[in-house]
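Presented below is the structure to which this report refers.
Number of protein chains: 2
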Amino acid sequence: MNIAAQKLTPTVTTGALPASRKIHIAGEQHPEIRVPMREISLHPTSGEPPVIVYDASGAYTDPNHIVAIESGLPRLRESWITARGDTEDYDGRHIRPEDNGFATGERLTPEFPVRNRPRRAKDGKAVTQLAYARAGIITPEMEFIAIRENLGRKAAKDALVRDGDSFGAHIPDFVTPEFVRQEVASGRAIIPANINHPEAEPMIIGRNFLVKINANIGNSAVTSSMAEEVEKMVWAIRWGADTVMDLSTGRNIHNIREWIVRNSPVPIGTVPLYQALEKVNGIAEDLTWEVFRDTLIEQAEQGVDYFTIHAGVRLHYIPLTVNRVTGIVSRGGSIMAKWCLHHHRESFLYEHFEEICDICRAYDVSFSLGDGLRPGSIADANDAAQFAELETLGELTQIAWARDCQVMIEGPGHVPMHKIKENMDKQLKTCGEAPFYTLGPLTTDIAPGYDHITSGIGAAMIGWFGTAMLCYVTPKEHLGLPDRNDVKVGVITYKIAAHAADLAKGHPAAKIRDDALSRARFEFRWEDQFNLSLDPETARSYHDETLPKEAHKVAHFCSMCGPKFCSMRISHDIRAEAQKEGLEAMAAKFREGGDLYMPLGTTPAGE
Amino acid sequence: MNIAAQKLTPTVTTGALPASRKIHIAGEQHPEIRVPMREISLHPTSGEPPVIVYDASGAYTDPNHIVAIESGLPRLRESWITARGDTEDYDGRHIRPEDNGFATGERLTPEFPVRNRPRRAKDGKAVTQLAYARAGIITPEMEFIAIRENLGRKAAKDALVRDGDSFGAHIPDFVTPEFVRQEVASGRAIIPANINHPEAEPMIIGRNFLVKINANIGNSAVTSSMAEEVEKMVWAIRWGADTVMDLSTGRNIHNIREWIVRNSPVPIGTVPLYQALEKVNGIAEDLTWEVFRDTLIEQAEQGVDYFTIHAGVRLHYIPLTVNRVTGIVSRGGSIMAKWCLHHHRESFLYEHFEEICDICRAYDVSFSLGDGLRPGSIADANDAAQFAELETLGELTQIAWARDCQVMIEGPGHVPMHKIKENMDKQLKTCGEAPFYTLGPLTTDIAPGYDHITSGIGAAMIGWFGTAMLCYVTPKEHLGLPDRNDVKVGVITYKIAAHAADLAKGHPAAKIRDDALSRARFEFRWEDQFNLSLDPETARSYHDETLPKEAHKVAHFCSMCGPKFCSMRISHDIRAEAQKEGLEAMAAKFREGGDLYMPLGTTPAGE
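Chains as they are written, first to last, in our numbering: chain A, 18 to 624; chain B, 18 to 624.
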């Protein structure tokens, strides 16, 4: 195996982003924790401190870390987990041929070279972050998150202008470990952290924290390979994906997932139903609770951090989809609908939901309650089927919470702008403020090839209204499988949406980066402008297309206006004159509410 | 000239878009008018009529039209204009060396081969569409627009679901010529239509009509040429730009503009200050009213349809910008601010505004009152300087209206989501509901290279709130000059924003295209899905990257899920069973409010 593995060891993108350095902040209650941040240094002439930004990219952007995909990432949470003394390791389930779609020989992706014995809760104990939070325990994960969410907030106190409209979210000036505990205890936030994924750096999903984004990867029956998927994961987090969902179908699902999880510093989500369906050769009607249960155990032992479970698709809701323009567009939803209809009985996911909870509770796998009946077109938005399912998701949330399981709720889909807020309001009300996790929504159906944009609009809005995590959409949506570049465009677009939402919600630290970049722009610090941007490489290359010379990186103008027309240069002249003319004082007077506005004719000049 | 001209005659992109045919609808009150529309035919298996969409692309997409750039487009409005009998032709101003920045020989762009004598109003008459509307006259332009705005509305009555939230806009079920007249008479809408641009196909800008988009082109001191700019104009309207602004600076401004106007079927806007500044060698302080006035006449005679006039930048507002993060970012605004400060007197644009009105009134040049103090960063959004200028723009609107001049108001800029609506509300109130024309707004500053997206989010929202026209932003914003591809991406992004806004406002015909495309998607009519999209070429090429074979164009699955997992295919199976099982009836019962929701345990399956 090892030889084969090395032969196939993926090469991934590594190295720091421009002008960036990875720093680590130690904990206070838990001194052993080291929280990674990205520090972007500015040009000395700026006279400004470095800008510290959230860093989901893991060790791959740390030059001091030697990447070894075949051995996986350091297991940073392992000691935290064992120290709690409520889990035990055990042999675990044996890998079966069907776990990899019966692939053999050349077609079989090699097993991951290192095998760790899986852990599970001792005799029925709840080992979820929710259980600890309810017990009043502040875990290392919680303190890690508190530090992480604060960004450079302490360092940049003066920049902490509270502004924005949070629609009822309560974002504190400063995030304490106790605040994290309270949010998790209340169910308003989740920490996806399977005890078998100790490589993950703790992160939180909740509307009183920074808005997060998810990137989907995964091979399909039609295309893709293990090496590609591992690199896609590393590539997605390099640009800012907070979690990654492995939506693989087809062969080698088990082995590819193992390579991904062992090398992922972010939580990994899956839709177990996809693999279960492979185990019954893709015949939905042949699915059974036993096959599904076996798949949950298999993935929980591997360390999957959250499961999308489509338990809200109930037999009697299916008729509500029959007259839709686009029927059921969720894969999981359509599979369950077909099963229910064929057997004319209630979904086994719904019937066995308590048992699913018991599994999640034993490994701390978070629920992502799937919206199997989400609308697939503007025409079907906010219809009876969609909102009937949401009612059931609210009911299942209570059941999961009663068993100390962490829950988030998946949302649409395709929704025109005027129907977006209703989704958020209904979700908060129906699901007891459990975090909302939405796909887009796409605000129109007419732009295949640009659905990262049609959905980026909806994502920014619903993020503002309170959605905790936004699932990206790439330019290939509806058309094909995203390649490396599509993944990057999708992630950057969703970082824009999430950040725009943070600004509008009034997140106290969000504006720091905007202001730093705008000052750099105004002062013609081109390098700083590139380095502070979400995609420094693209910003630089676009600039260089018109003004390639290095000299232009310090030029006090740009190609749009040229030297004579540069408004910002003129603004500097004005500011210079202002100092001379004492206009500062004048400005102050105006701001104090002096006679700001003089109608036509009342000024000498106007006469 | 002719030889030189032919030598340099631009080659432009021509030909119909896939599955599209240009149709013309005749007028009733004015039988001579022929309103162009684009008819997208669907596959016979759809059993659906063709989809008719708004078509701004002009004759270039009409295979029956022979394109001859050196002679310009047919002068379709000439007979309408002369028939009104209130204008006269005259020699007009002579072109001077400074009009082209003193370019000579090889560096001089050749004059346009054909010279038409300019027209102007007879003895002080008002020849604006506003004057006619107030006089109760329904011009051919107005009927043309009524037909154009209705899209396929008559044909698709059943699809006319009134939905949406219009924030006080009053969009009629059906647009009549009289409705157009009333909207123009009230000042709520404008028809940019210089009597010296008879080649233009009439269009309207107002919040009770379809949301429009503008594309900026123009050469600069640093780069670009006449042939490129003409092609950029043709390229921009091919993808849906409703108006084009020529923001050229540097040499050859006059001659390049003439080539553009003579070949443009959409209204052309300019910022006359840019050319005036060239005439005084780029020294803002040397600008005079006489040079500016001369430039207005020059451009009005060429047929420019709207002027951006930064008359709202008043001397005593300038101090308000001194402590901004990004000062004054409008070129025109910064130029006027510098002039005011240097001379320590009120802006000559403000002082001579009535004379500017008299010029606009004599040629029907619409005002686009510039927001010279718009914010250039999130930090400066909605500040005192911005809103002080808006007050002045409201005052100038009344002055222009008193002289029968058409007016729209320019808006920001950089604005976080939670501050966007305030811009719209204040503008409507302050400017008597004159149409709002905004740049973006960009909802964050941190994504140079993706500002078509940061601004597309803000544009969709402010369009929904009531902005009548959205000025596009390309990926090169802040970094460089847009090339052909940037122009296309900018236009498509803004067509998405405008359409999303039309849907959210509840435009009765907007949803027709979404529904047709979604039905095509659900029925696996891939070709129809491509052809109905805003960018058929990109949609097709993305699809073919994963599934190139022609066979896949009829495949009942796509590359994302593969055959076994296709949710839509499964939905069809469900629909088939539904028919069999009579679930249709069941669905109907549910819709009638049958017991839709059964809590856990109340169903046999749940027991």
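We put the beta carbon where it would ideally sit given N, CA and C, even for glycine.
Would residue i count as contacting chain B if we go by Cβ distances under 9 Å?
i	result
GLY393(A)	yes
ALA556(A)	yes
TRP276(A)	no
THR481(A)	Sequence check: residue 481(A) is Trp here, not Thr. So yes, TRP481(A) belongs to the interface.
GLN146(A)	no
VAL342(A)	yes
ARG4(A)	Since the first residue shown for chain A is 18 and the last is 624, residue 4(A) is missing from the structure and cannot be characterised.
VAL589(A)	With the sequence shown as reference, residue 589(A) is identified as His, and Val is not the correct amino acid for it. Taking Cβ atoms only, chain B reaches closer than 9 Å to HIS589(A), which makes this a yes.
PRO67(A)	no
LEU534(A)	yes
Under 9 Å between C-beta atoms, does residue i make it to chain A?
i	result
GLN403(B)	no
SER259(B)	For clarity, residue 259(B) is Asp in the given sequence; the question names Ser instead. Not one chain A Cβ lies under 9 Å of ASP259(B).
ASP442(B)	no
ARG608(B)	With a pLDDT of 49 at ARG608(B), under the threshold of 50, the predicted position of this residue should be treated as unreliable, though the coordinate-derived value follows. Chain A, which has a Cβ nearer than 9 Å to the Cβ of ARG608(B), makes this yes.
VAL346(B)	yes
GLN316(B)	no
PRO189(B)	no
CYS374(B)	no
ARG12(B)	The question about residue 12(B) has no answer here: the residues shown for chain B are numbered 18 through 624.
ILE1(B)	With chain B covering 18 to 624 only, the question about residue 1(B) has no answer from this structure.
GLU307(B)	no
Note down the Cα distance separating residue i from residue j, rounded to an integer number of angstroms.
i	j	result
HIS369(A)	TRP306(A)	8 Å
GLY102(A)	PHE129(A)	28 Å
ILE57(A)	ILE69(A)	6 Å
ILE98(A)	LYS249(A)	29 Å
HIS47(A)	PRO157(A)	6 Å
HIS359(A)	LEU520(B)	38 Å
ILE345(A)	ARG198(B)	46 Å
GLY64(B)	THR460(A)	27 Å
VAL424(A)	SER383(A)	6 Å
GLU427(B)	VAL330(B)	13 Å
ILE463(A)	THR260(A)	29 Å
LEU413(B)	LEU125(B)	38 Å
GLY44(A)	LYS139(A)	28 Å
ARG279(B)	HIS327(B)	26 Å
PRO625(B)	GLN596(B)	The structure shown does not extend to residue 625(B), since chain B spans only 18 to 624, so no value can be given for it.
LEU564(A)	ALA556(A)	12 Å
ALA253(B)	SER281(B)	11 Å
PHE309(A)	LEU34(A)	42 Å
GLU87(B)	VAL131(B)	8 Å
In this structure, what does DSSP give as the bridge partners for residue i?
i	result
ARG136(A)	ASP106(A)
ALA43(B)	ARG51(B)
THR78(A)	For THR78(A), which the question treats as bridged, DSSP gives no partner whatsoever.
PHE404(B)	Paired residues: none, contrary to the question.
GLU562(B)	In the DSSP output, where bridge partners are listed per residue, GLU562(B) has none listed.
GLY428(A)	THR455(A)
ASN486(A)	Per the sequence presented here, residue 486(A) reads as Met, with Asn not at that position. DSSP output for MET486(A) lists LYS229(A) and TYR454(A) as bridge partner(s).
So with CB distances below 7 Å, who are the chain C contacts of residue i?
i	result
TYR559(A)	The chain inventory of the structure shown lacks chain C, comprising the protein chains A and B.
Item to check | Start-end ranges of the beta strand (DSSP E) lying completely within the segment 202-285 of chain B, minimum 3 residues | outcome: Entirely contained in the segment 202-285 of chain B, the beta strand (DSSP E) runs reaching 3 residues are, in chain order, 229-234 and 260-263.
Checklist entry - Can we say the segment 328-342 of chain B touches the segment 293-303 of chain B, given the rule of at least three CB pairs closer than 8 Å? => result no
Checklist entry - Between the segment 213-230 of chain B and the segment 392-406 of chain B, do three or more beta carbon pairs fall short of 8 Å? => result no
Checklist entry - Does the segment 510-517 of chain A come close enough to the segment 474-490 of chain A that 3 or more CB-CB pairs lie under 8 Å? => result yes
Checklist entry - Is it a yes or a no for the segment 194-214 of chain B touching the segment 136-150 of chain B, going by three-plus beta-carbon pairs under 8 Å? => result Yes: at least three Cβ pairs fall under 8 Å.
Checklist entry - Is the segment 71-81 of chain A close to the segment 549-562 of chain A, with three or more CB pairs under 8 Å? => result no
Checklist entry - Between the segment 436-443 of chain A and the segment 428-440 of chain B, are three or more C-beta pairs nearer than 8 Å? => result no
Checklist entry - Which runs of the beta strand (DSSP E), 3 residues or longer, sit entirely within the segment 276-353 of chain A? => result 285-287 and 323-326
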